[in-house]
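**Q** Line order of the protein sequences matches chains A and B.
Per the UniProt record's numbering, the first sequence runs over residues 1 to 129.
Per the UniProt record's numbering, the second sequence runs over residues 1 to 129.
For glycine and all other residues, C-beta sits at the position ideal for the given N, C-alpha and C.
Sharing a structure with you now.
There are 2 protein chains.
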Amino acid sequence: MIKVNNSEYNCPFEVAIDIMDGKWKLYILWHLRHKTRRFSDLKRRVPGITQKMLTQKLRELEEEKIVNRKVYAEVPPRVEYSLTEFGKQLEPIMEMLLEWGHYYSKAYGETDYDYECRPKNEKLLEIAS
Amino acid sequence: MIKVNNSEYNCPFEVAIDIMDGKWKLYILWHLRHKTRRFSDLKRRVPGITQKMLTQKLRELEEEKIVNRKVYAEVPPRVEYSLTEFGKQLEPIMEMLLEWGHYYSKAYGETDYDYECRPKNEKLLEIAS
DNA sequence: TATGATACTTACTAAAAGTATACTAATGGA
DNA sequence: TCCATTAGTATACTTTTAGTAAGTATCATA
């Protein structure tokens, strides 16, 4: 039994799933994987997210110690988000999810997306063919 | 732009997230990663899942071609679930999530769980210490 | 005739996620 | 003087998803 942030888990796999849950958190982390970014920058990059959801999810990620939040006492306000060490360790997992998604969607024919979304590694595709 | 199962995505990463979404699907896949299992077996193994949720999520995974469903014409009924090739390719990702969860929860002190839940690889822990 | 096993449905309720709009603060520029 | 800027908060609302509880089908066995 593990206790993390007031929840109990039997397995660290559950911990990971619980933290990644919902469709927004991984998108946010994805856009933070190489760069510190400001709130508005994230809002532009995460398609369809509302201000409320972005704020909410960033607060959760901060609580969970996956992102750092740095506020600059300026007007207009400036707040920068970056990955903590825990967050950085998720990068290879995200790369693998990208690769899997690419492999999966190839089976559906259309795979025309921009540079940032192209997997570096196409191991899975070789397996598939 | 990618079209998969009536949804549109800009990036294969979105595809993967959308398919893994919710807390049940990965748990189910986790228990199918090495073995074909029956409905009731999965129900016992996925803690807290209801019959309805299990049925629903298995149907979605079947639709998405991540699990195979095989019905035996017997009474009492027997239905077996197994991973498709797409499903099998998720195994290393699940192993990494387990490893990450282990690494993450170690920071919270309590990491006492059973054999099946111990990560094979402790790379991340070496990085952390 | 009743019970038990398995793999479900169906109807309903509760909780979480998402939408929409209005509001705030301090400063620089038109 | 007024507007725009940024990163939010507040409020009310709707929609979607999750969860609960009960019911169904088939046949074998007691």
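1. Cβ closer than 7 Å: which chain A residues qualify as neighbours of valine 15 of chain B?
2. How about arginine 37 of chain B and glutamate 74 of chain B: do their beta carbons lie closer than 8 Å?
3. Quick one: Cα of proline 92 of chain A to Cα of histidine 34 of chain A, how far?
4. So for serine 129 of chain B, helix, strand or coil by DSSP?
5. Is the stretch 13-27 of chain B close to the stretch 46-64 of chain B, with three or more CB pairs under 8 Å?
6. For my contact list, valine 46 of chain A and tyrosine 27 of chain A are in at a C-beta cut-off of 8 Å; report their separation, rounded to the angstrom.
7. Should tyrosine 113 of chain B be flagged as near chain A, meaning a C-beta pair shorter than 8 Å?
8. At a Cβ cut of 9 Å, what residues of the stretch 1-15 of chain B count as close to chain A, listed as they run along the chain?
9. In whole angstroms, give me the CA-to-CA distance for tyrosine 108 of chain A and asparagine 68 of chain A.
10. Can you pull the chain A residues whose beta carbon is under 7 Å from the beta carbon of phenylalanine 86 of chain B, in chain order?
11. Out of B:Cys117, B:Lys65 and B:Tyr113, state which residue places its alpha-carbon closest to the alpha-carbon of serine 82 of chain B.
12. Using a C-beta cutoff of 8 Å, does methionine 96 of chain A count as contacting chain B?
13. In chain B, which residues lie less than 8 Å from aspartate 18 of chain A when you measure between Cβ atoms?
**A** This is what the structure holds:
1. In chain order: Gly101, Tyr104 and Ser105.
2. Not in contact: arginine 37 of chain B and glutamate 74 of chain B (Cβ atoms no closer than 8 Å).
3. About 12 Å.
4. Low confidence applies to serine 129 of chain B: its pLDDT is 45, below 50, so where it sits in the model is not reliable enough to give any reading.
5. Contact holds: three or more Cβ-Cβ distances are below 8 Å.
6. Right, the Cβ-Cβ distance comes to about 5 Å (below 8 Å), so this counts as a contact.
7. Interface with chain A (8 Å Cβ-Cβ cutoff): tyrosine 113 of chain B is included.
8. Hits within the stretch, in order: Met1, Ile2, Lys3, Val4, Asn5, Tyr9, Asn10, Cys11, Pro12, Phe13, Glu14 and Val15.
9. The straight-line gap from Cα to Cα measures roughly 38 Å.
10. Residues of chain A passing the Cβ test: Tyr104.
11. Just measuring C-alpha positions, the residue of B:Cys117, B:Lys65 and B:Tyr113 sitting nearest serine 82 of chain B is B:Lys65.
12. It does; some Cβ of chain B falls within 8 Å.
13. Those within 8 Å of aspartate 18 of chain A in chain B are Lys23.
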